[in-house]
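As structure tokens, the structure follows; a few thoughts come after it.
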């Protein structure tokens, strides 16, 4: 099954509330959706970078450019089921850019799983658990408001794990 096409689309998703990071306030999260087509099937992957280039070396725009201009042309015509070869080719062609490579890797795993009529979980060895605990990020920039938000989540039984964002202010102000 040869890779026939690789397409990318940037999707901007607004956050439920602004997230105050130490370096910026995040109002939306941008993702790159990757579609790899082979043998009449389409595998879907996703890559992103919280905060964009102010947080790390990648942004949705750079992920899209790396895939469109460097990785996709390299992989078209290659065996879609040979995941090791795809990773090796991507690593030789492009330094870093891990989110771009991961987005394609996820799409190739999805494509292979679809070809075998399996879930990705079954493709890589099966599930270990039925659910995954998720943390609610407390990052309004207002400690009292964050505590109230955590209490609301606990009372509503929506979350019992929290990630606290500190460091934008002095330690005395972050109390």
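Numbering (the UniProt record's numbering), first residue to last: 1 to 175. Using N, Cα and C, we set each Cβ at its ideal position, and we do this for glycine too.
For residue i, which residues in the same chain have their Cβ closer than 7 angstroms to its Cβ, ignoring the five residues on either side in sequence?
i	result
residue 3	36, 38, 75, 76, 77, 78 and 80
With DSSP run on the structure shown, which of helix, strand or coil describes residue i?
i	result
residue 100	helix
residue 89	helix
residue 32	strand
residue 58	coil
residue 8	strand
residue 134	coil
residue 159	coil
residue 129	coil
residue 150	helix
residue 112	helix
Could you tell me how far apart the beta carbons of residue i and residue j are, in whole angstroms, since I believe they sit closer than 8 angstroms?
i	j	result
residue 8	residue 32	5 angstroms
residue 83	residue 108	6 angstroms
residue 30	residue 6	So it is not a contact: roughly 19 angstroms between Cβ atoms.
residue 47	residue 103	3 angstroms
residue 1	residue 115	6 angstroms
Please go through the same chain and pick out, in chain order, the residues whose beta-carbon is closer than 6 angstroms to the beta-carbon of residue i, but skip the five residues on each side of it.
i	result
residue 67	8 and 100
residue 60	10, 30 and 32
residue 90	71 and 101
Any heavy atom of the ligand SAM closer than 7 angstroms to the CB of residue i?
i	result
residue 79	Looking for the ligand SAM in the displayed structure turns up nothing, as the structure carries no ligands at all.
Can you name the start and end residues of the beta strand (DSSP E) that residue i belongs to?
i	result
residue 71	From DSSP, residue 71 is part of no beta strand (DSSP E); its letter is neither H nor E.
residue 141	First-last for residue 141: undefined, no H or E at that position.
residue 42	41 to 48
Counting along the chain, where does the alpha helix (DSSP H) carrying residue i start and finish?
i	result
residue 121	120 to 123
For residue i, is the classification buried or exposed, using 16 other Cβ atoms within 10 angstroms of its Cβ as the cut-off for buried?
i	result
residue 95	exposed
residue 131	exposed
residue 176	Absent from the structure is residue 176, since the part of the chain shown begins at 1 and ends at 175.
residue 149	buried
residue 121	exposed
residue 128	exposed
residue 147	exposed
residue 110	buried
Leaving aside the five residues before and after residue i along the sequence, list all residues of the same chain whose C-beta is less than 8 angstroms from its C-beta, in chain order.
i	result
residue 135	159, 161, 162 and 163
residue 13	28, 29, 30 and 31
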